[in-house]
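A short write-up of the structure that comes next.
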Amino acid sequence: MDQTFDPTFNITPILAGAGAIGLAVGFGAQNLIKDVITVRVSGIAEWENGEHSTMNVEERNYLVLEKFIERYGKKPGGLMRVLQKAQELFGYLSPEVQTYVAEKMCLPVGHVHGVATFYSQFVTAPQGKYVISVCMGTACYVKNAPDILNRFREVLQVEPDETTEDGLFTLRTTRCVGACSMAPLLTVNQAVHGHLEPEDVPRILSRYGGKAGEEVDEVDQELPRPAGDQRPAPPPG
Ligand code: FES
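Numbering (our numbering), first residue to last: 34 to 270.
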């Protein structure tokens, strides 16, 4: 049969059908978007007005941590990320938090505890308002860092990884922080004090509200604060 163009062919039904399909698709998409928005809004409302609004901070932190574990727990390096998040939320990795992580990730508590205590980035006890970290890397060590550490031990009456009774200072040691030209140095939260002598210890403590001493002239350098670091910044100089 010769297939020539038939001028009498009526294209209107085809256009009408296409239009109807388009409308249906559009209407479906519109409904889908509407449903998503409804769920989203109702979810927010539930969070703000429902049971979540009655949660205390700790309960919310656990809920956030649970969601984080669901999302990242099974990915490579998941435990490290989860512990970092837990420390960000709770400030330190208490035995309760370690147990919670172990249960949620189906891991032995001993394994979680081993990781939490192996890496210096994790702390397993409440920290003081100011965390003094004396660098014990090689460059600092050979420039009398141990003497500086001992001076802090004497003045604060605490050992490394302990916190003063008033909760003001936690004394720690750390490995090289990458500023060896300032050796020997220490950090107080994110502030770096370099080129130190043991005699500088009282005035550094005074700078942060510790026992009387001379005023510290200046904070040598401010390091960028890591994500989630909720420790207070040093007071203005
Ligand atoms: S060894 Fe202390 S900053 Fe490098």
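Here a beta-carbon is modelled for each residue, glycine too, at the ideal position from N, C-alpha and C.
Item	Value
Which residue spans inside the segment 123-168 form an unbroken alpha helix (DSSP H) run of at least 4?	128-137 and 142-151
Could you tell me which residues DSSP puts in a beta bridge with THR220?	SER166 and VAL225
May I ask you to check if the CB of LEU218 is nearer than 7 Å to at least one heavy atom of ligand 1?	yes
Quick check: GLY110 and MET138, are their CB atoms within less than 8 Å of each other?	no
By Cβ distance below 8 Å, which residues in the same chain neighbour GLY161 in space, the five residues on each side in sequence not counted?	THR196, THR197, GLY200, LEU201, PHE202 and THR203
With distance defined between alpha-carbon atoms, name the residue in LEU112, PHE101, GLU103 and PHE123 nearest to ASN89.	PHE123
At the level of alpha carbons, what is the spacing between PRO231 and ASN183?	8 Å
Please report the residue range of the alpha helix (DSSP H) in which THR171 lies.	171-174
On the three-pair Cβ rule with 8 Å, is the segment 177-194 touching the segment 125-132?	no
Measuring alpha carbon to alpha carbon, tell me which of VAL175, LYS176 and ALA119 ends up nearest ALA149.	ALA119
Is THR171 close to ligand 1? I mean its beta-carbon at under 7 Å from any heavy atom of the ligand.	yes
According to DSSP, is ARG205 part of a helix, a strand, or is it coil?	strand
Count the other CB atoms, across all protein chains shown, that sit within 10 Å of the CB of LEU96; report buried if there are 16 or more and exposed otherwise.	exposed
Which class does THR196 belong to by DSSP, given the choice of helix, strand or coil?	strand
Under 6 Å Cβ to Cβ from ALA172, same chain only, skipping five residues before and after it: list those, please.	CYS213 and ALA216
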